[in-house]
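K.L.:
I'd like to ask you about the structure that follows.
In this note's numbering, the protein residues as written are 3 to 112.
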């Protein structure tokens with residue numbers, strides 16, 4: 003399946019020095035780039051917010067693994083603890099703040 007042209011910003015993001023450095027800091031707990039891409043594509047396709055159950059379905063992942071996966075992705079995407087990616091366990095939602103992502107990674111991802 004060809005990549006969606008609307009998500010070319012993800013490849014640009016993953017090529018930034020900040021992303022590479024964050025991934026190195028997260029070391030062995032960092033999700034693979036393709037897993038992060040799928041996460042960002044799923045969230046971007048739904049306006050930046052999904053329930054944990056819907057995200058699990060979109061990623062083809064067991065619902066019980068979503069919290070751990072999102073927390074691992076947060077180690078890469080949340081520069082200096084900024085809430086680019088947030089997980090609300092009470093509301094069972096995952097949210098991507100695209101504006102903050104752009105600022106943190108200094109990348110035009112529109």
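Even for Gly, the Cβ is constructed at its ideal location relative to N, Cα and C.
1) Report all residues from its chain with a CB closer than 6 Å to the CB of residue 89; omit the five preceding and five following residues, and keep chain order.
2) Between the segment 38-48 and the segment 57-72, can you find at least three pairs of beta-carbon atoms closer than 8 Å?
3) Could you check the C-alpha separation between residue 53 and residue 83 for me, to the nearest Å?
4) Short of 6 Å in beta carbon distance, which residues of its chain neighbour residue 66, apart from the five on each side in sequence? Order them along the chain.
5) With a CB to CB cut of under 6 Å and the five nearest residues on each side skipped, what residues in its chain are close to residue 94?
P.N.:
The relevant details are as follows:
1) For residue 89, same chain residues with a beta-carbon under 6 Å away, outside a window of 5 residues either side, are 72 and 96 in chain order.
2) The segment 57-72 is in contact with the segment 38-48.
3) Looking at the backbone, the Cα of residue 53 and that of residue 83 are separated by about 22 Å.
4) For residue 66, there are no CB contacts under 6 Å within the same chain when 5 residues up- and downstream are skipped.
5) Closer than 6 Å at Cβ, skipping near neighbours: 53 and 54.
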